[in-house]
Structure formats: C-alpha cells, structure tokens
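Protein chains in written order, with the numbering used here: chain L, 210 to 300; chain V, 41 to 481.
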C-alpha cells in the first residue's frame, strides 16, 4: 500500500507535470512553435511516468536511471533554445 | 537598480551562509560520527569478549565438575542419579569400562551399550575432554558431552544440556533488534541457534568474512587479530550488511560470532545526525535570508537617498561576457567537486551509489550551466526567473544525491526526507518554465 509521503511525492510530481503539460501544449499551439516548447512537453511526460511509478511504489534503481537521464538532455536542449531565442549563443 | 542591490546582498549573504554552514556542519558531522562509531565498535568488542568469557567459563566449569565426580573410585546408578539431579547442566551420567561398555548409568536402560567408538570414550581415557556439539543417534538430538578417566581404566561421561549453552549465546542484551551471537565449529557449521535460523544446527554453513577470520585464528596462541580489524563490516549469511566481531573459544575449536546490522547501530545515529544537520542548515539559511532581505532593503533606501553611483551589477556583467564553454567547464568541475564532497561523508567515492548518482549529477551539471547561462539573457525578468529556478533545481539535485548516498550506505529511510528537495525541484522547474516563456514572448 502506498504511504502518505509517497502520495505527497507522487502528487506533487503529477501537479507539476499537469501545469507544464497544459501550458506548454497551449504555447505550442498558440505560437505554432512546437520544437521550442518540446523539451518542456517531454519533461511533463517524464514527470507523468515518474509519478505513475511512485504511485505504484516502484523505486527500482534501473528504471529510475532511465527516468532521470532525460533531464540532462532536456535542460541542455532548453539552454540551446534559450540561446536561439535570446538571439545570441556564444559558442 | 532598486531590486539589484537587495538581490545582490541577499544572494551574497545566502551563498556565504550556505558555504559556512555546510563547511561547519561537515566538520562537526565527521567528528561526531567518528566518536560515535568508535563507541559502537567498543561496545561490540566488549559484548563479544564478555560472551566468549562466559562460554569459556561454562566449559571450564563442566571440566572441573566431571573431574571432581571422577575422584570417586566406584559410582553406582543411584550415585550417578544424585550427581545428575544436583547439577542442572547434566541430563545423563554414565560410567564406561575400559572396553567402552556402559557399566553404570543414571538411565539404567543404557547399561550394557557399547560406546567404544565414541569420541568421548576414546579421548576421555587420556584425560578430561569436552566433545564438540554433535548429533547423538542414541538421543536423536544435538548433544554435548564431557568425559574424564575414573577408577581403574573406566571413563565417566556426562551429557550436558545444550539449552544452557544456548541461553548464553541467545542472550540479546545490548544487541538491539538485529544483533545476535552464535557459535560455529572449525568446519563453519552453525552450533547454536541464530536469530534468523533456529533449526539449522550442524546443517547451516556460515561462510562470512567474520567466520573466515575467526577460523584462520583457530589453533593460534593469541587472541590478537592479524590481517584484519577486530570489528569488520561484511555481508552476513542472509546477505545483509552487518558489523561483526569474533572470538575463538580456546581448547574446543569453536568460534563465537557476534553480528549486528550496520543500519541499526550506525544508521540510526547517522540518520539523527543528518536530520539535525539538515534542520540546522535550513534554519540558518532562512534566518540569513530574512535578515539580509530586510537589511538589503534598508541599505537600498540609503543608497537611493544618497544617490550614490556605482556599478553594482558588475558581477552579472562579467558573467554575461564569459563564453558558454567556460561555464560548461565550470559546471563539470562543480559537479565532480559535489560528487567527491558528498561521497566523502559516506563510503567514499570508490563505493558511491553510481547508478543513482550519475543521472542526478548530469542533471546538476545541466542546471549549473543553465544558472550561468541566465546571465546571457537580455530579458531581465527571464534572467531572474531562470536564475532562481536553476538555483532551486541545483539544491534539489544536491539533496537527492546526498539522500541516495545515505540510502546506499545505510538502507532505506523515510520518504519524508525526499519531500523538501522535491518541492524545491518542482517549484524550480515551473519558475524556469515561466522564465522561458518570457524569453519566447
């Protein structure tokens, strides 16, 4: 049975993913810039998967390794996007 | 300009307090940890020696008792019964003649049986002898016997109640919920019940580091530990990480093993220490934040009143001129530094929880890069949002790495410890997202 703190953990993850998913989807449609908001959209998907694993109390290291690795890619993708949008990427 | 002075003061104070408190608590944690670990080790060593002396005394007592009984030149069945009844350790007493046949016994049904091939007869002819724990076909149970020469070529044998020995080894005083003491013989077979294996006597083989160290010492004339420490950390017969000590019982080739789960003895202590460490850091940082926030605001007012000119965003300007590749190099160095610092609190970098740490450290590196990249942003609101969001995410990743290392070293802890970091991380991610929207606007 899922514990109280596991529920808090999973719920906070789910709430964050809903907020990100919702706003990034709207922005993608509204501004018609899918690739720019895609990393946030993907991060919401990763968060949804993570919260599902938490709700089922699955904390297997090997599964979580692949759930955490995308964050590195997503954040760097965001840095690249920020550089492009900012109009000046120095390298 | 108004926000910048206050923010600079708050950030400067916050960073100084963060470095100061972490450095202070780190030294404190290490010192306290060493003292407590030393105490735990001493306690375990004392318990081992005390139990071992208790067992040695018990065996010596049995030898002395049988020698006193053997001073009688002749012993009748009634006399043997009387001796048996006055000694709570004895379950049976018999006299064997020079051919190994029972000629008198407290259990008369045993008279006439041939025991010439039994160890206690063969060894008992030459002098007082205590057999190792063995399976008796006559009794159909585990037995322990002591024998000594008596009269003219006879051997006096007493069977000892094994439960009395078990009472000594199964006494859990001072051993907590997971501690245990048990005996093994030179073949590594379990001789007395262990906490987790009650019915495996003379069946279960114990091939742990502790058992091996003790067996290697058998036959030596010293109780000094050579080639290993008195207390060692190893995986027990269940595969659990335990702290263990050993003592060989002289004259009988038994090993007394004392083991207790490391998570119980050191885990609780370290969990409490870590709890205090986190609470004190959070309180200090909160206080510093509040004080610097108000002091910063006050100084800002004075600054504006006096219309002093100065380049207070100089640091930000310098950072905005640094190329991204240097930020990446710094982020990599910072991440590696964090890894070595955090693991040094626990089991060292060689025994780090690499599987858990690698994704978090990669994410940490990415967030540090993002934090520095925020200085390149033209939009001031986006810069603030992404800076604060990245800072929150960095805190989250550092906390996660600490907790993962802790779990790897001492076992699972409550999920409550994950919550503060998780909240920091998710809030940080949302703030980064809001900053990103500002840039794309």
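Glycine residues also receive a C-beta, built at the ideal position from the N, C-alpha and C atoms. Only a predicted model underlies this, so the values are computations on that prediction, with no experimental measurement involved.
Identify every residue that forms a DSSP beta bridge with residue 284(V).
Taking the second chain and counting its residues from 1, one reaches residue 284(V) at position 244. According to DSSP, which records beta bridges pairwise, residue 284(V) is partnered with 272(V), 299(V).
Enumerate in chain order the residues of its own chain whose CB-to-CB distance from residue 260(L) is below 8 angstroms, with the five nearest sequence positions on each side excluded.
One-based indexing of the first chain puts residue 260(L) at position 51. Cβ within range, chain order: 219, 220, 222, 223, 226.
Which of helix, strand or coil does DSSP assign to residue 141(V)?
Against the second chain, residue 141(V) aligns to sequence position 101. Residue state, collapsed to three classes: strand.
Identify the continuous beta strand (DSSP E) that holds residue 110(V) and give its terminal residues.
The residue given as residue 110(V) occupies position 70 in the second chain. First-last for residue 110(V): undefined, no H or E at that position.
I need the straight-line Cα distance from residue 314(V) to residue 70(V), nearest angstrom please.
Your numbering for residue 314(V) matches position 274 in the second chain. Your numbering for residue 70(V) matches position 30 in the second chain. For residue 314(V) and residue 70(V), the distance between alpha carbons rounds to 11 angstroms.
State yes or no: is the C-beta of residue 80(V) within less than 7 angstroms of the C-beta of residue 136(V)?
Here residue 80(V) is taken as the residue at index 40 of the second chain, counted from 1. Here residue 136(V) is taken as the residue at index 96 of the second chain, counted from 1. No, the pair does not count as a contact, with Cβ atoms beyond the cut-off.
Verify whether the separation of the beta carbon atoms of residue 561(V) and residue 386(V) is less than 7 angstroms.
With chain V running from 41 to 481 in the structure shown, residue 561(V) is simply not present.
Which residue or residues does DSSP assign as beta-bridge partners of residue 294(V)?
Mapped onto the second chain, residue 294(V) falls at position 254. BP columns for residue 294(V) point to 225(V), 289(V).
Less than 8 angstroms between the CB atoms is what I'm expecting for residue 340(V) and residue 422(V), so what's the real figure, rounded?
Working through the second chain from its first residue, we reach residue 340(V) at position 300. Working through the second chain from its first residue, we reach residue 422(V) at position 382. About 23 angstroms separates the two Cβ atoms, so there is no contact after all.
Report the rounded CA-to-CA distance for residue 151(V) versus residue 214(V), giving the unit in angstroms.
For the purposes of this step, residue 151(V) is taken as the residue at position 111 of the second chain. For the purposes of this step, residue 214(V) is taken as the residue at position 174 of the second chain. About 46 angstroms.
In terms of DSSP beta bridges, what is residue 189(V) paired with?
For this step, residue 189(V) is matched to residue 149 along the second chain. Residue 189(V) pairs with 195(V).
Taking Cβ to Cβ, would you say residue 210(V) is nearer than 7 angstroms to residue 91(V)?
What you label residue 210(V) is simply residue 170 of the second chain in a count that begins at 1. What you label residue 91(V) is simply residue 51 of the second chain in a count that begins at 1. Against a cut-off of 7 angstroms, the Cβ pair of residue 91(V) and residue 210(V) comes out as no contact.
Please say whether residue 146(V) and residue 121(V) have beta carbons closer to each other than 7 angstroms?
Residue 121(V) sits at position 81 when you count from the first residue of the second chain. Residue 146(V) sits at position 106 when you count from the first residue of the second chain. Yes, these two residues count as a Cβ contact at 7 angstroms.
Go through its chain and collect everything with a Cβ distance to residue 99(V)'s Cβ below 8 angstroms, but skip five positions before and after it.
To locate residue 99(V), count along the second chain from 1; it is residue 59. Within the same chain, residue 99(V) has close Cβ partners 170, 289, 291, 292.
Would you list, in chain order, the members of the stretch 394-419 of chain V that have their beta-carbon closer than 7 angstroms to a beta-carbon of chain L?
Correct list: 395, 396, 399, 400, 402, 403, 406, 407, 409, 410, 413, 416, 417, 418.
Could you give the residue range of the alpha helix (DSSP H) that holds residue 440(V)?
Looking up residue 440(V) in the second chain gives position 400. First-last of the alpha helix (DSSP H) with residue 440(V): 420-450.
So residue 462(V) contacts chain L; which residues on that side make the cut at Cβ distance below 7 angstroms?
Residue 462(V) sits at position 422 when you count from the first residue of the second chain. Within chain L, the residues near residue 462(V) are 218, 221.
Which residue marks the beginning of the alpha helix (DSSP H) containing residue 407(V), and which one marks its end?
Residue numbering aside, residue 407(V) sits at position 367 when the second chain is read from its first letter. From DSSP, the alpha helix (DSSP H) with residue 407(V) extends over 394-413.
Got a sec, what are the start and stop residues for the alpha helix (DSSP H) residue 462(V) sits in?
One-based indexing of the second chain puts residue 462(V) at position 422. Per DSSP, residue 462(V) belongs to the alpha helix (DSSP H) from 458-480.
Along the chain, where does the alpha helix (DSSP H) that runs through residue 231(V) open and close?
Locating residue 231(V) in the second chain gives position 191, counting from the first residue. Premise fails: residue 231(V) is in no alpha helix (DSSP H) and is neither H nor E.
Give me the chain L residues within the contact set of residue 479(V), using Cβ-Cβ distance strictly less than 7 angstroms, ordered along the chain.
For the purposes of this step, residue 479(V) is taken as residue 439 along the second chain, with counting starting at 1. 291, 294, 295, listed in chain order.
Excluding sequence positions up to five away, which residues of its chain have a Cβ less than 7 angstroms from the Cβ of residue 382(V)?
For the purposes of this step, residue 382(V) is taken as the residue at position 342 of the second chain. Answer for residue 382(V): 441, 442, 445, listed in chain order.
Strictly under 7 angstroms for the Cβ-Cβ distance: is residue 299(L) near chain V by that measure?
Numbered from 1 along the first chain, position 90 holds the residue referred to as residue 299(L). Low local confidence applies: a pLDDT of 40 at residue 299(L) is under 50, so the model's placement there is unreliable, and no value is given.
If contact is defined by three or more beta carbon pairs under 8 angstroms, each pair taking one atom from either stretch, is the stretch 241-259 of chain V in contact with the stretch 45-57 of chain V?
No: fewer than three Cβ pairs fall under 8 angstroms.
Please report the straight-line C-alpha distance between residue 308(V) and residue 109(V), rounded to a whole angstrom.
As a first step, residue 308(V) is located in the second chain; it is residue number 268 there, counting from the start. As a first step, residue 109(V) is located in the second chain; it is residue number 69 there, counting from the start. Going by the C-alpha atoms only, they are around 51 angstroms apart.
State the Cα-Cα distance for the pair residue 295(L) and residue 418(V), rounded to the nearest angstrom.
Residue 295(L) sits at position 86 when you count from the first residue of the first chain. Residue 418(V) sits at position 378 when you count from the first residue of the second chain. If I take the Cα positions, the gap works out to 7 angstroms.
Mind pulling the chain V residues with CB within less than 9 angstroms of residue 245(L)?
Along the first chain, read from residue 1 onward, the residue named residue 245(L) stands at position 36. Correct list: 476, 480.
Return the bridge partner residues of residue 169(V) from the DSSP annotation.
Numbered from 1 along the second chain, position 129 holds the residue referred to as residue 169(V). Beta-bridge pairing links residue 169(V) to 187(V).
Could you spell out where the alpha helix (DSSP H) holding residue 263(L) opens and where it closes?
On the first chain, position 54 is the one that residue 263(L) refers to. Where residue 263(L) is concerned, the enclosing alpha helix (DSSP H) stretches over 243-264.
The ligand GDP and residue 395(V): does any heavy atom of the ligand fall closer than 6 angstroms to the residue's C-beta?
Among the components of this structure there are no ligands whatsoever, and the ligand GDP is therefore not found.
Listing by chain order, which chain V residues have their CB less than 8 angstroms from the CB of residue 281(L)?
As a position in the first chain, residue 281(L) is number 72, starting the count at 1. Those within 8 angstroms of residue 281(L) in chain V are 399, 402, 403, 405, 406.
Output, in sequence order along the chain, the residues in the stretch 445-460 of chain V whose CB is closer than 7 angstroms to any CB in chain L.
Residues passing the 7 angstroms Cβ filter: 454, 455, 456, 458, 459.
Just the Cα atoms here: how many angstroms apart are residue 63(V) and residue 393(V)?
As a working mapping, residue 63(V) is identified with position 23 in the second chain. As a working mapping, residue 393(V) is identified with position 353 in the second chain. Near 23 angstroms, if we compare the C-alpha coordinates of residue 393(V) and residue 63(V).
Could you tell me the alpha carbon to alpha carbon distance between residue 216(L) and residue 457(V), rounded to whole angstroms?
The residue you call residue 216(L) lines up with position 7 of the first chain. The residue you call residue 457(V) lines up with position 417 of the second chain. Roughly 14 angstroms separates the two Cα atoms.
Tell me whether the beta-carbon of residue 87(V) lies closer than 7 angstroms to the beta-carbon of residue 298(V).
As a first step, residue 87(V) is located in the second chain; it is residue number 47 there, counting from the start. As a first step, residue 298(V) is located in the second chain; it is residue number 258 there, counting from the start. For residue 87(V) and residue 298(V), yes; Cβs fall inside 7 angstroms.
Listing by chain order, which chain V residues have their CB less than 8 angstroms from the CB of residue 236(L)?
Here residue 236(L) corresponds to residue number 27 of the first chain, with the count starting at 1. What residue 236(L) touches in chain V: 477, 480.
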